[in-house]
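**Student:** Throughout, our numbering is defined as the position within the sequence shown, counted from one, plus 32.
We treat Cβ as the ideally placed atom computed from N, Cα and C, and that holds for glycine.
Starting off with a structure, shown below.
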Amino acid sequence: MVSLKIGDVVPTDCRLTEAINVSIDQAALTGESLPQSKKGFYPRFHYSYRRDLDNILMILIGGTPIAIPTVLSVTLAVGAQQLAKHMAIVTRNTAVEELAGVTILCSDKTVTLATNKLTIDKGLVETYGPCSPPRRYPSTRLCLPCREPGCHRPCVVGTLDDPTRARAGIQLLDFKPFNPIDKPTEITYREESSGKLKRVTKGMTELDHDNFEGEGNGFELIGLLAIFGPPREDDKQAIDNATALGVKVKMVTGDQLAIAKETGRRLGRGDHMYPVKVPRTVLLPAASTSLSMR
Numbered sequence: 033m034v035s036l037k038i039g040d041v042v043p044t045d046c047r048l049t050e051a052i053n054v055s056i057d058q059a060a061l062t063g064e065s066l067p068q069s070k071k072g073f074y075p076r077f078h079y080s081y082r083r084d085l086d087n088i089l090m091i092l093i094g095g096t097p098i099a100i101p102t103v104l105s106v107t108l109a110v111g112a113q114q115l116a117k118h119m120a121i122v123t124r125n126t127a128v129e130e131l132a133g134v135t136i137l138c139s140d141k142t143v144t145l146a147t148n149k150l151t152i153d154k155g156l157v158e159t160y161g162p163c164s165p166p167r168r169y170p171s172t173r174l175c176l177p178c179r180e181p182g183c184h185r186p187c188v189v190g191t192l193d194d195p196t197r198a199r200a201g202i203q204l205l206d207f208k209p210f211n212p213i214d215k216p217t218e219i220t221y222r223e224e225s226s227g228k229l230k231r232v233t234k235g236m237t238e239l240d241h242d243n244f245e246g247e248g249n250g251f252e253l254i255g256l257l258a259i260f261g262p263p264r265e266d267d268k269q270a271i272d273n274a275t276a277l278g279v280k281v282k283m284v285t286g287d288q289l290a291i292a293k294e295t296g297r298r299l300g301r302g303d304h305m306y307p308v309k310v311p312r313t314v315l316l317p318a319a320s321t322s323l324s325m326r
């Protein structure tokens with residue numbers, strides 16, 4: 033704090049806090065010939081503050097709309113980063129904002145709700161005729177032709193205690209791999225014990241529901257294997273969390289209706305499902321949690 037009186041030289045660059053009729057010679061600084069009147073800082077602060085406040089209001093009113101896109105982009109980018117930590121890849125930042133308004137979530141069954149590994153429930157295996165229990169191993173020959181690649185072979189082999197028994201006592205003569213037109217896989221083999229030639233077919237062309245009758249071509253049904261893709265372990269908890277947040281989860285799949293219902297039961301969502309051919313005017317029950325499309 034510096035106290036000045038008449039005739040004093042200002043020792044340094046300073047600011048007046050109190051001044052009454054003060055004039056200072058600034059010729060050495062500004063070149064002005066006449067002394068300049070000075071006033072205290074605080075009386076002037078009121079006017080300076082008011083002027084700055086007006087500037088702040090102008091910046092807020094004019095700058096806020098301009099800054100909104102930048103602020104939203106940064107906010108959505110932070111949200112996308114948080115989703116990435118939960119293994120959810122966001123390709124569009126706007127998807128984070130759209131996700132907040134989701135009320136119905138339609139999910140595919142394959143890979144999304146179900147694992148990509150097929151399994152066979154041993155309790156659901158049915159055999160008929162010469163392959164009835166306890167002779168169940170011969171029925172697996174229809175699933176173990178040659179060294180057929182594909183997703184069905186591992187799940188069938190995994191159900192057998194000793195896979196080599198399924199191929200014991202036979203001589204493979206011919207093998208027809210799967211084709212997408214008529215869909216069966218066939219093998220022709222000879223029984224070493226009797227010398228008889230036999231042909232086994234896995235899978236047949238799907239028939240129209242109204243036309244089950246047809247020529248059997250000498251084939252005999254020897255077994256049914258229920259091949260199923262089980263749900264993921266964390267699916268049920270994820271669906272429960274979505275339901276708690278007010279999001280209704282629907283399953284849309286191209287699989288058969290029976291497969292969709294079994295998946296729904298294992299997920300604890302019930303089996304109120306309907307094929308796509310249901311008329312649009314039909315109201316679905318309130319308990320419906322899934323939709324199956326064929």
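1. So, helix, strand or coil for threonine 358, using DSSP?
2. Taking all protein chains shown into account, do 16 or more other C-beta atoms lie within 10 angstroms of the C-beta of arginine 297, making it buried, or fewer, making it exposed?
3. Do you know how far the Cα of lysine 234 is from the Cα of lysine 208?
4. Where aspartate 45 and leucine 66 are concerned, what is the direct C-alpha to C-alpha distance, given to the nearest angstrom?
5. Alpha helix (DSSP H) containing lysine 293: first to last residue?
6. DSSP on methionine 90, reduced to helix/strand/coil?
7. Of all the options Asp266, Ile136, Val284, which has the alpha carbon lying nearest to the alpha carbon of glycine 278?
8. Sorted by chain position, which residues of the same chain lie with C-beta nearer than 7 Å to valine 125's C-beta, five sequence neighbours on each side aside?
9. Is threonine 217 helix, strand or coil when you go by DSSP?
10. Flag this pair as yes or no: are the beta carbons of leucine 145 and glycine 261 separated by less than 7 Å?
11. Any idea what DSSP makes of glutamate 223, helix, strand or coil?
12. Assuming contact is defined by CB atoms lying nearer than 7 Å, are alanine 99 and lysine 70 in contact in what I supplied?
13. Contact check, leucine 299 vs aspartate 267 under 8 Å by CB: the rounded distance?
14. Would you list, in sequence order, the uninterrupted beta strand (DSSP E) runs of no fewer than 3 residues that lie entirely inside the segment 90-152?
15. When you compare the CB positions of methionine 283 and lysine 154, do they come within less than 7 Å of one another, or not?
16. I'd like to confirm something about isoleucine 56: is its beta-carbon nearer than 6 Å to some heavy atom of the ligand PLP, or not?
17. Taking the beta strand (DSSP E) that aspartate 272 belongs to, which residues open and close that run?
18. Give the secondary structure of lysine 70 by DSSP, where H, G and I count as helix, E and B as strand, and everything else as coil.
19. Starting from leucine 61, follow the alpha helix (DSSP H) in both directions and report where the run begins and ends.
20. Quick one: give me the first and last residue of the beta strand (DSSP E) that methionine 33 is part of.
21. At what residues does the beta strand (DSSP E) containing phenylalanine 207 begin and finish?
22. Within 10 angstroms of the Cβ of valine 41, are there 16 or more other Cβ atoms? Answer buried if so, exposed if not.
23. Valine 157 and leucine 253 - do their beta-carbons sit closer together than 7 Å?
**Tutor:** Quick look at the numbers:
1. Residue 358 cannot be examined here, being either before or after the span of the chain that is shown, 33 to 326.
2. exposed
3. 10 Å
4. 19 Å
5. 289-298
6. helix
7. Ile136
8. Checking the displayed sequence, the identity of residue 125 turns out to be asparagine instead of valine. Closer than 7 Å at Cβ, skipping near neighbours: Ser105, Leu108, Ala109, Ala112.
9. strand
10. no
11. strand
12. no
13. 6 Å
14. 136-140
15. no
16. Among the components of this structure there are no ligands whatsoever, and the ligand PLP is therefore not found.
17. No beta strand (DSSP E) contains aspartate 272, which is instead part of the alpha helix (DSSP H) from 267-276.
18. strand
19. 59-62
20. Here methionine 33 belongs to no beta strand (DSSP E), and DSSP marks it neither H nor E.
21. 202-208
22. Exposed is the call here.
23. Taking 7 Å as the Cβ cut-off, leucine 253 and valine 157 do not qualify as a contacting pair.
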